[in-house]
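Below: the structure, in structure tokens.
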Amino acid sequence: MTGTLVQPEIDGSMPSLEDQRHDLLEHQAARIAALQVDIKRAQDEIDSLKAQILDAWPVGSYEAGNLHVQVKAGNQRLDTKRFTQKYPAAQHPSFYRVSPDVSAARRALGALALEPLMKRDKSSVVVK
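Listed below in structure tokens is the structure:
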């Protein structure tokens, strides 16, 4: 509350410390709410712009003025449910630990055999 001017009320009395604290809280809460709306609006615009970039540009790195835009493929990982259906632990115990051993499966089966069993995370955009 430092630097806050306290105005006398209409009857000339000064607001109580508790009233001042409550007024400050009200002001802070209103400001937080306004900033949260601004953040949401800005994040929605960022998400929209990134979606447009993902639709227009393939995976790669691009110069955009003095900025560098990187369109990255989503992370790829094994779809364990599909893998266990195709290569059950009973018939292929060497492929398993607690979950499928992707490295062992890739060595034994090859990357092409695993490709249809892989899933990829959502693509992303990085602007620096």
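Start counting the sequence shown at 381; every next residue gets the next number (this note's numbering). Ideal Cβ positions, reconstructed from N, Cα and C, are used throughout, including at glycine.
Contact with chain B by residue i, beta-carbon distance below 9 Å
{"i": "I433", "result": "Absent here is chain B; the protein component of the structure consists of one chain."}
Spatially closest choice to residue i from the options, by CA coordinates
{"i": "S441", "options": "Q450, D435, L434, I433", "result": "Q450"}
{"i": "A488", "options": "K420, S474, E406, D418", "result": "S474"}
{"i": "G454", "options": "L405, R500, L404", "result": "R500"}
{"i": "P496", "options": "H472, E406, V417, K466", "result": "K466"}
{"i": "D498", "options": "Q456, H472, L405, D435", "result": "A small correction: the amino acid at residue 498 is Met; Asp does not occupy that position in the sequence shown. When only C-alpha atoms are compared, the closest one is Q456."}
DSSP beta-bridge partners of residue i
{"i": "Y442", "result": "V449"}
{"i": "V505", "result": "V451"}
{"i": "M498", "result": "L458"}
{"i": "Y476", "result": "P480"}
Test item: CB-CB of residue i and residue j under 9 Å
{"i": "S504", "j": "K452", "result": "yes"}
{"i": "L494", "j": "A485", "result": "yes"}
Same chain only: Cβ atoms within 7 Å of residue i, ignoring 5 sequence neighbours per side
{"i": "L502", "result": "It should be pointed out that residue 502 corresponds to Lys in this sequence rather than to Leu. These residues qualify, in order along the chain: G454."}
Next on the checklist: Three Cβ pairs or more, each shorter than 8 Å: is that satisfied between the segment 426-445 and the segment 472-481?
Outcome noted: no
Checklist entry - Below 8 Å, can you find three or more Cβ-Cβ pairs linking the segment 415-426 to the segment 461-472? => result no
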